[in-house]
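Residue numbers (full-length UniProt numbering): 1 to 330.
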């Protein structure tokens with residue numbers, strides 16, 4: 001299975017676990033990175049449907065309890081979800097090679113800023129008598145990045161503690177102070193958001209983690225509030241962010257036979273002596289860079305400059321994290 005497909009399947013599972021209601025294929029397409037397409041283009045939409053059907057079959061073969069149904073009797077299109085109670089794992093018995101794989105995963109999550117969750121999982125496995133080697137490696141490790149605010153906000157949501165932070169919106173010059181009862185943190189279109197009750201505005205609000213300035217401060221006691229029952233975090237973020245308008249155009253050079261995902265997404269494909277030139281629609285440079293970086297040396301951005309710079313910056317960040325990981329492992 002290719003890396004891009006693996007990432008797409010992981011994002012699909014996260015999306016369907018984050019909601020209690022059934023999501024239609026159209027809603028999933030606008031939520032999960034890797035399903036970007038033009039629904040008004042018959043060929044593009046057909047390609048998406050084939051991809052989605054393959055992914056559903058793959059999840060079911062892997063034992064993921066993918067449910068099909070409708071949110072109400074008035075819905076005409078079926079939706080999908082994963083029931084958390086059915087997805088919970090029983091007691092696990094690991095062979096030595098499987099334990100080594102868990103050690104690699106623990107290193108990955110540590111670098112992603114999820115050290116507490118990784119440490120907790122390792123502690124439970126060791127208590128069950130399973131020997132885990134977190135220093136194990138297979139050479140090149142994948143990298144998952146989250147914003148610095150991720151860890152304190154997920155902790156606050158778990159412990160039901162109010163938080164305060166400074167937040168900058170695109171149209172404002174200076175950040176403003178916000179107080180929030182966080183209900184949860186979710187990923188939407190490749191970005192992380194926190195959803196909760198804004199204490200100053202007395203309303204439900206969501207905030208993009210990359211726009212939080214400085215430290216998130218825990219201000220309340222554990223258990224000081226209770227989120228609404230059955231709250232759908234993804235729907236709140238979707239309504240807040242609105243539809244994605246891909247008005248930008250980027251030209252990338254792709255090696256022959258490579259980057260099939262980008263080829264399906266391309267508006268134009270021009271064969272050249274150096275490779276195929278693809279014209280890709282995009283909404284923001286950083287979002288496109290996140291997709292392009294996953295294809296490594298098979299794709300090179302030609303223009304516009306802001307997309308090329310966004311890719312270079314992401315590659316520098318990945319190189320820095322790997323260098324730091326290598327130093328700490330010595």
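For glycine and all other residues, C-beta sits at the position ideal for the given N, C-alpha and C.
Computed from a prediction, not measured in an experiment: that's the story for all the values here.
Where residue i sits in the DSSP three-state scheme
| i | result |
| --- | --- |
| residue 293 | helix |
| residue 252 | strand |
| residue 137 | Note that residue 137 scores a pLDDT of 40, beneath 50, so its modelled location is shaky; the value from the coordinates is reported in the next line. Residue state, collapsed to three classes: coil. |
| residue 64 | coil |
| residue 229 | coil |
| residue 287 | helix |
| residue 118 | Bear in mind that a pLDDT of 48 at residue 118, under 50, signals an unreliable position, so the number given afterwards is only what the model happens to contain. Reduced to three states, the DSSP call for residue 118 is helix. |
| residue 203 | strand |
| residue 222 | coil |
| residue 8 | helix |
| residue 33 | coil |
| residue 152 | helix |
| residue 52 | helix |
| residue 320 | helix |
| residue 314 | helix |
| residue 18 | coil |
| residue 160 | coil |
| residue 402 | Residue 402 cannot be examined here, being either before or after the span of the chain that is shown, 1 to 330. |
| residue 44 | helix |
| residue 259 | coil |
| residue 266 | coil |
| residue 13 | helix |
| residue 108 | Residue confidence for residue 108 is low, a pLDDT of 49 falling below 50, so the modelled location carries little weight and cannot support an answer. |
Cβ-Cβ distance between residue i and residue j below 7 Å
| i | j | result |
| --- | --- | --- |
| residue 311 | residue 301 | yes |
| residue 287 | residue 253 | no |
| residue 147 | residue 222 | no |
| residue 161 | residue 214 | no |
| residue 184 | residue 233 | yes |
| residue 314 | residue 273 | no |
| residue 356 | residue 237 | Only positions 1 to 330 of the chain appear in this structure, which leaves residue 356 out of reach. |
| residue 206 | residue 193 | yes |
| residue 216 | residue 278 | no |
| residue 26 | residue 52 | no |
| residue 307 | residue 250 | yes |
| residue 211 | residue 168 | yes |
| residue 67 | residue 81 | yes |
| residue 34 | residue 60 | no |
| residue 258 | residue 282 | no |
| residue 180 | residue 198 | yes |
Integer Cβ distance of residue i from residue j, believed to fall under 8 Å
| i | j | result |
| --- | --- | --- |
| residue 163 | residue 175 | That pair is no contact at about 15 Å. |
| residue 65 | residue 47 | Their Cβ separation, rounded to whole angstroms, is 27 Å, which puts residue 65 and residue 47 out of contact at 8 Å. |
| residue 209 | residue 149 | 5 Å |
| residue 23 | residue 17 | Contact flag wrong, Cβ pair sits at about 11 Å. |
| residue 266 | residue 280 | 6 Å |
| residue 32 | residue 12 | 5 Å |
Strand pairing of residue i, partner residues [DSSP]
| i | result |
| --- | --- |
| residue 166 | 177 and 213 |
| residue 301 | 252 |
| residue 187 | 192 |
| residue 276 | 254 and 271 |
| residue 79 | 24 and 69 |
| residue 246 | Paired residues: none, contrary to the question. |
| residue 198 | 180 and 203 |
| residue 208 | 193 |
| residue 282 | 248 |
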